[in-house]
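Quick note: the sequence shown uses the numbering used here, first residue -4, plus one each step.
All C-beta atoms in this analysis are idealised placements derived from N, C-alpha and C, irrespective of residue type, glycine included.
The block underneath contains the structure these notes are about, expressed in structure tokens.
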Amino acid sequence: MATKSKDLQLAAWLTEALLVRESFAGLAEGLSLCQRMIETFWDSLFPELDPEDLEMRAAPLNWIGMKLDLPLRRAPLVQTGLGYYLYKESRTVGYEAQAKTDAEKKNRQKMLKEGKLAAEDFDKAFEETPKIFYAKAERDLDACLETLTSLHAVCEEKFGGEAPSFSPLEQLLKEIRHTVHALLEKKREKEPDPVEPEREPEAAALEAGTAAAAEPGQAPALASMTFALPASSEPPDRREAVASVAAAAAYLRRQDPLSPAPYLMMRGLRWGELRAAAELSDPTLLEAPPTEIRQTIKRLAVDGKWSELLEAAENVMALPCSRAWLDLQRFVVEACVSLGEQYFPIAKAIRSG
-4 MATKSKDLQL AAWLTEALLV RESFAGLAEG LSLCQRMIET FWDSLFPELD PEDLEMRAAP
56 LNWIGMKLDL PLRRAPLVQT GLGYYLYKES RTVGYEAQAK TDAEKKNRQK MLKEGKLAAE
116 DFDKAFEETP KIFYAKAERD LDACLETLTS LHAVCEEKFG GEAPSFSPLE QLLKEIRHTV
176 HALLEKKREK EPDPVEPERE PEAAALEAGT AAAAEPGQAP ALASMTFALP ASSEPPDRRE
236 AVASVAAAAA YLRRQDPLSP APYLMMRGLR WGELRAAAEL SDPTLLEAPP TEIRQTIKRL
296 AVDGKWSELL EAAENVMALP CSRAWLDLQR FVVEACVSLG EQYFPIAKAI RSG
């Protein structure tokens, strides 16, 4: 397909077929195919290129972003084939032991008579599914999200203001990954991963780690900021200790994007410093955010790019300028509310801070 027909609609249908046949790994493969086609054959792709109106060319990609909801919800989360849709259904039906009142028992029986899945039935299928199934599913979902990010970047470059939207697909992928990670953690309770021997800290890792605690006034590119956690048990100074906290928070966000914990880690650190500044009457700790960073965060909010805003804002939380920047917290809460109910616990945790 990538060398002959170059038809984006066929690529979109193939992506759906790969998802149905090969689950999350198939989706990652299909998204990668679409990305390569756009990068390599932009001038000769079908639908044909109309510089004045890119809507027709964007349509197959918008279809991917909007119409893969059902097959993605049906992708297996256990070896017997039960997917995310039935997992959520089983949580709604609940457990027999949880139905205490007559009304609750009657409602549960009604749902079971309608053919809905009981929580006990999903749990039984989960117990019969090996840990390696979830480890692979988590890796495949990470590959989907990574490839989708790359595809989105290519589309932003090629389509400009008419770029297709992948937000619904991205949010559902994150929800499913959150569930898969939780299921994998349950497996690890009974079957822990082997512990790797400690490695000596590398100079490159330390250098990357200290970049997170940038000097006041610096404005690193938000999208490219990375944090490395030094391997030594005790950081040599405060700056690297802060970098270690930032690295740990970034890692936890990647592993469980819907957990409030990593968000509270950075705020506990920075807001604790703010309280110390008030006690010491030290105005130097009330550093203002650089103009470049403020403009970046505001632009992401105006454009409604909530996932990008959330990641950029959490990278900013690693910087000293985040201590007293109240608008940053407002933007993060707004992003969480806009991203949907899965993110509400994060917004609530930040508001209560």
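One or two residues paired with residue i in a DSSP bridge
{"i": "aspartate 2", "result": "Phe41"}
{"i": "glycine 60", "result": "DSSP, once it has assigned bridges, lists no residue as partnering glycine 60."}
{"i": "glycine 78", "result": "Pro71"}
Top-ranked residue by Cα proximity to residue i, from the options
{"i": "aspartate 48", "options": "Leu136, Glu157 and Asp232", "result": "Glu157"}
{"i": "leucine 26", "options": "Lys131, Asp97, Ile341 and Leu164", "result": "Leu164"}
{"i": "glutamate 329", "options": "Pro340, Ala296, Thr144 and Phe128", "result": "Ala296"}
{"i": "serine 18", "options": "Trp266, Phe128 and Ala148", "result": "Phe128"}
{"i": "leucine 305", "options": "Glu235, Leu323, Asp137 and Leu81", "result": "Leu323"}
{"i": "glutamate 152", "options": "Asp232, Gly89, Glu34 and Lys108", "result": "Glu34"}
{"i": "arginine 234", "options": "Ala256, Arg265, Asp2 and Thr286", "result": "Arg265"}
{"i": "valine 73", "options": "Pro46, Lys119 and Arg31", "result": "Lys119"}
{"i": "proline 252", "options": "Tyr338, Ala54, Leu14 and Val332", "result": "Tyr338"}
{"i": "alanine 130", "options": "Leu321, Glu186 and Glu91", "result": "Glu186"}
{"i": "leucine 65", "options": "Tyr90, Arg294, Tyr80 and Asp97", "result": "Tyr80"}
{"i": "histidine 176", "options": "Arg134, Thr144 and Leu143", "result": "Arg134"}
CA-to-CA distance, residue j to residue i, given in whole angstroms
{"i": "glutamate 43", "j": "serine 160", "result": "20 angstroms"}
{"i": "serine 162", "j": "glutamine 250", "result": "20 angstroms"}
{"i": "glycine 263", "j": "glutamate 11", "result": "43 angstroms"}
{"i": "lysine 83", "j": "serine 347", "result": "28 angstroms"}
{"i": "proline 125", "j": "lysine 182", "result": "8 angstroms"}
{"i": "proline 340", "j": "serine 39", "result": "46 angstroms"}
{"i": "valine 327", "j": "glutamate 141", "result": "22 angstroms"}
{"i": "alanine 70", "j": "glutamate 282", "result": "48 angstroms"}
{"i": "isoleucine 292", "j": "lysine 105", "result": "48 angstroms"}
{"i": "leucine 67", "j": "glutamine 4", "result": "18 angstroms"}
{"i": "glycine 21", "j": "asparagine 102", "result": "38 angstroms"}
{"i": "lysine 343", "j": "glutamate 50", "result": "38 angstroms"}
{"i": "serine 317", "j": "valine 311", "result": "6 angstroms"}
{"i": "leucine 269", "j": "valine 237", "result": "15 angstroms"}
{"i": "isoleucine 288", "j": "glutamate 309", "result": "12 angstroms"}
{"i": "proline 257", "j": "alanine 132", "result": "23 angstroms"}
{"i": "arginine 31", "j": "glycine 155", "result": "18 angstroms"}
{"i": "threonine 87", "j": "glutamine 166", "result": "21 angstroms"}
{"i": "lysine 100", "j": "glutamine 93", "result": "9 angstroms"}
{"i": "leucine 77", "j": "glutamine 290", "result": "45 angstroms"}
{"i": "alanine 148", "j": "alanine 7", "result": "18 angstroms"}
{"i": "aspartate 2", "j": "phenylalanine 36", "result": "10 angstroms"}
{"i": "aspartate 97", "j": "proline 55", "result": "50 angstroms"}
Rounded distance between the beta-carbons of residue j and residue i, thought under 8 angstroms
{"i": "alanine 313", "j": "alanine 241", "result": "4 angstroms"}
{"i": "leucine 168", "j": "leucine 146", "result": "Leucine 168 to leucine 146, Cβ: 12 angstroms. No contact."}
{"i": "serine 333", "j": "tryptophan 301", "result": "5 angstroms"}
{"i": "alanine 113", "j": "alanine 23", "result": "Not really, about 32 angstroms apart at Cβ, beyond 8 angstroms."}
- Say whether the region 172 to 181 touches the region 53 to 69, bearing in mind that this needs 3 or more beta-carbon pairs closer than 8 angstroms, one atom from each stretch. No contact exists between the region 172 to 181 and the region 53 to 69.
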